[in-house]
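The numbers in the sequence shown follow numbering that gives the first Met the number 0, run straight up by one, and end at 414.
By construction, the Cβ of each residue, glycine as well, lies at the ideal position given by its N, Cα and C atoms.
Bear in mind that the values here come from a model prediction, so they are computed numbers and not experimental data.
Only one structure is covered here, and it is reproduced in the block below.
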Amino acid sequence: MPHPTLPYDVEAVRNDFPILHQEHHPGTPLIYLDNAASSQKPRQVIEAMNEYYRTTHSNVHRGIHKLSESATLAYEGARKKIRSFINASNWREVIFTRGTTESINLVAQTWGRANLGPGDVVVSSVMEHHANIVPWQILAAERGFSIEYIPVTSDGQLDLEVYERLLTQRSVKLVSVVHCSNVLGTVNPIADMARQAHQHGALFLADGAQSVPHMPVDVQALDVDFFVFSGHKMAGPTGIGILYAKRAILESMPPYQGGGDMIAQVTLQGSTWNELPYKFEAGTPSIAEAIGLGAAVDYLGQLGMTTIHRHEQSIIQYALERLSEIPGITVYGPDACRKGAVAAFTLERIHAHDVAQLLDADGIAVRAGHHCAMPLHQHLGVTASARASFYLYSTPSEVDKLAEALYKTRRAFAL
Ligand code: C6P
Numbered sequence: 000m001p002h003p004t005l006p007y008d009v010e011a012v013r014n015d016f017p018i019l020h021q022e023h024h025p026g027t028p029l030i031y032l033d034n035a036a037s038s039q040k041p042r043q044v045i046e047a048m049n050e051y052y053r054t055t056h057s058n059v060h061r062g063i064h065k066l067s068e069s070a071t072l073a074y075e076g077a078r079k080k081i082r083s084f085i086n087a088s089n090w091r092e093v094i095f096t097r098g099t100t101e102s103i104n105l106v107a108q109t110w111g112r113a114n115l116g117p118g119d120v121v122v123s124s125v126m127e128h129h130a131n132i133v134p135w136q137i138l139a140a141e142r143g144f145s146i147e148y149i150p151v152t153s154d155g156q157l158d159l160e161v162y163e164r165l166l167t168q169r170s171v172k173l174v175s176v177v178h179c180s181n182v183l184g185t186v187n188p189i190a191d192m193a194r195q196a197h198q199h200g201a202l203f204l205a206d207g208a209q210s211v212p213h214m215p216v217d218v219q220a221l222d223v224d225f226f227v228f229s230g231h232k233m234a235g236p237t238g239i240g241i242l243y244a245k246r247a248i249l250e251s252m253p254p255y256q257g258g259g260d261m262i263a264q265v266t267l268q269g270s271t272w273n274e275l276p277y278k279f280e281a282g283t284p285s286i287a288e289a290i291g292l293g294a295a296v297d298y299l300g301q302l303g304m305t306t307i308h309r310h311e312q313s314i315i316q317y318a319l320e321r322l323s324e325i326p327g328i329t330v331y332g333p334d335a336c337r338k339g340a341v342a343a344f345t346l347e348r349i350h351a352h353d354v355a356q357l358l359d360a361d362g363i364a365v366r367a368g369h370h371c372a373m374p375l376h377q378h379l380g381v382t383a384s385a386r387a388s389f390y391l392y393s394t395p396s397e398v399d400k401l402a403e404a405l406y407k408t409r410r411a412f413a414l
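Written out as structure tokens, the structure reads:
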């Protein structure tokens, strides 16, 4: 099968990622296809963090010495890069967290605790990552609201008729839905869904963990109220993520954690809160990680998110074609033009963990299991799937090697 034409020189891009040039086992090169779990980091990100520790490290917002001022400038500079990357209208709407999981928990524990009670409904979906189910379940048990889930259709889409019905028939306060599924790859029509939610007086949270790394995202155009994502899936470091929310909503929300930096004034009788975004950033933040995420955003911006998306569309289309040749395979989710660069699959009569283990022996790193989406796997009727997920440095030759290794896996099981 001929290789697709790619929008950029992928080998030149791969040269930026040191880890991609190592052997996975002696004599076997690494083929990294676990990017939905976490992506690799370019030299530019690694060096930005090293440089910060070599020359600038100090605590932020606290010192009046030069190092602290420089660290603060770099940390706040990163926030401004991220503001522009997602087109938030103001840098105060960009809150640093530890990642998507913490961002959703923050919204649940602050906005949710203040606004949700008996009779209220939060709408989520069957294709959510656990990070967008469990925080709502924990709070619902305490506050007495209910959670309704939008079902998934047989072609891996959200059932939007049921969504419409839920909005009309129930007292929905919040819709919290994934932008791009980490298993099916489905890209959900977030802008339309947010508009419908607003028409019924509900707020809208989009989980962008699997969209921001792979496609242009404009939070104002989407008109979402909350948008959350993680640095480590978008060429940035672990331990850093973002909660974007509209300013008026953030102003109305109580703080999340108490401690340093989030206060205006503390007396033994009580405290008042700092202005945004610091109200939600208690304690010494992940300074080097924020700077690393700023460098990642620079890196992605230089390649261009539209171009990265085009590259990944070519790769996933080619991957779906190659995978469809393999006897006994089921690939989950919609066709290539309606999904991100994720292919979760099962091979008839071979457990997903065995598939992943045999692929690993050939140097191919994929994830196997429920991918923190157990309800979705229950819906699919399987306990586990294997998942190949691609990124801006993935190549058609890697897809070929995956396909060859899957044929080999079948032979190993005498199929
Ligand atoms: N999914 C995967 O292998 P954290 O762990 O906080 O960075 O991201 C959580 C998360 C939330 N939503 C979606 C859609 C996600 O995909 C993830 C992380 C990884 O699929 C690790 S479980």
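Cβ-heavy atom distance, residue i to the ligand C6P, below 7 Å
| i | result |
| --- | --- |
| H378 | no |
| Q209 | yes |
| V174 | no |
| D359 | no |
| G98 | yes |
| A205 | no |
| H369 | no |
| S229 | yes |
| N49 | no |
| G240 | yes |
| N181 | yes |
| H350 | no |
Endpoints, alpha helix (DSSP H) assigned at residue i
| i | result |
| --- | --- |
| V44 | R42 to T54 |
| Q198 | I189 to Q198 |
| W135 | V133 to R142 |
| A404 | P395 to A411 |
| A220 | V218 to L221 |
| V106 | T99 to V106 |
CA-to-CA distance, residue j to residue i, given in whole angstroms
| i | j | result |
| --- | --- | --- |
| H197 | N114 | 16 Å |
| Y277 | G238 | 18 Å |
| R97 | S153 | 35 Å |
| S67 | Q268 | 31 Å |
| Y317 | R410 | 23 Å |
| S123 | D206 | 11 Å |
| Y243 | S102 | 9 Å |
| G230 | R42 | 16 Å |
| Y31 | E311 | 14 Å |
| H376 | D15 | 36 Å |
| Q136 | L5 | 43 Å |
| G62 | H24 | 48 Å |
| I307 | L72 | 29 Å |
| G143 | G116 | 6 Å |
| Q209 | C179 | 5 Å |
| M214 | I149 | 24 Å |
| P284 | L202 | 28 Å |
| G118 | S145 | 7 Å |
| L29 | D260 | 43 Å |
| V381 | A413 | 22 Å |
| A372 | L379 | 11 Å |
| M0 | S313 | 13 Å |
is_contact[residue i, chain C] using C-beta, thresh 8 Å
| i | result |
| --- | --- |
| G200 | Of the protein chains in this structure there is only one, and it is not chain C. |
Backbone secondary structure at residue i - three-state DSSP
| i | result |
| --- | --- |
| E22 | strand |
| E147 | strand |
| L319 | helix |
| Q256 | coil |
| S57 | coil |
| K338 | strand |
| D15 | coil |
| K172 | strand |
| T237 | coil |
| Y243 | strand |
| Y277 | helix |
| L346 | strand |
| D353 | helix |
| Y162 | helix |
| A130 | helix |
| A205 | strand |
| T306 | helix |
| L183 | coil |
| I30 | strand |
| L115 | coil |
Element boundaries [beta strand (DSSP E), containing residue i]
| i | result |
| --- | --- |
| G300 | Segment I286 to L302 is the alpha helix (DSSP H) holding G300; no beta strand (DSSP E) there. |
| G76 | Where G76 is concerned, there is no enclosing beta strand (DSSP E), although the alpha helix (DSSP H) it sits in stretches over K65 to I85. |
| V121 | V120 to S124 |
| I328 | I328 to V330 |
| T271 | S270 to W272 |
| Q264 | I262 to V265 |
| T96 | V93 to T96 |
| S229 | F225 to S229 |
**OP:** Could you name each continuous alpha helix (DSSP H) segment of 4 residues or more that falls completely within the region 359 to 393, going from the start of the chain to the end?
**Re:** Runs of the alpha helix (DSSP H) inside the region 359 to 393: 373 to 379.
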